[in-house]
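Residue numbers (UniProt numbering): 1 to 70. Positions of the beta carbon are idealized from the N, C-alpha and C atoms, including for glycine. Below: the structure, in structure tokens.
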């Protein structure tokens, strides 16, 4: 508890993704009061032409906390 899944367009290095994931883990530990070993983060690259089908169409409207504006 918890798992955070990040989906983004390709183009960032593994190092950038790892640093970002570590920051997300640190923030989660701080905000939720859990141990770092209980937080997992995954990053998935999604091609822009597949974004709607693979991401947008799979999120239920009621699950959005912050909705994009594009």
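Residue from the options with nearest C-alpha to residue i
i, options, result
"residue 44", "2, 1, 13", "13"
"residue 22", "11, 3, 57, 9", "3"
"residue 1", "9, 28, 51", "28"
"residue 25", "6, 11, 10", "6"
"residue 70", "37, 32, 51", "51"
"residue 41", "18, 67, 66, 65", "18"
Bounding residues of the beta strand (DSSP E) (the contiguous stretch that carries residue i)
i, result
"residue 44", "40-45"
"residue 60", "Residue 60 -> no beta strand (DSSP E), and no H or E assigned at all."
"residue 66", "Neither: residue 66 is in no beta strand (DSSP E) and is coded neither H nor E."
Where the alpha helix (DSSP H) through residue i begins and ends
i, result
"residue 22", "14-32"
Proximity below 8 Å, CB of residue i to CB of residue j
i, j, result
"residue 46", "residue 39", "no"
"residue 9", "residue 61", "no"
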